[in-house]
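In what follows, a single structure is set out as C-alpha cells and then discussed.
Residue numbers (my numbering): -6 to 44.
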C-alpha cells in the first residue's frame, strides 16, 4: 500500500506514481481489444459477458 495523503475531499487517499497513467492506458487498450470477443457472448439466447 502506498503512502496515504489528504485527498481533495479531506479523506485519506493513496498516493500513486506517474506509472498510474501508463497502467490506465494499458487497461483501456485491453478493454478495447477484448470488446470484439466479448460481443460474441451477448445477444438473445446467450448468457452474457462480464469483466
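Quick reminder that beta carbons are idealized off the backbone N, C-alpha and C, glycines included.
* Asked: Short check: CB of residue 9 to CB of residue 0, under 8 angstroms?
  -> Position 16 of the chain shown, counted from the start, is the residue given in the question as residue 9. Position 7 of the chain shown, counted from the start, is the residue given in the question as residue 0. Result no, Cβ atoms of residue 9 and residue 0 do not sit closer than 8 angstroms.
* So the beta strand (DSSP E) residue 8 belongs to, where does it begin and stop? -> Counted from its first residue, the chain shown places residue 8 at position 15. Where residue 8 is concerned, there is no enclosing beta strand (DSSP E), given that its DSSP letter is neither H nor E.
* Where residue -3 sits in the DSSP three-state scheme -> In the chain shown, the residue the question calls residue -3 occupies position 4. Strand.
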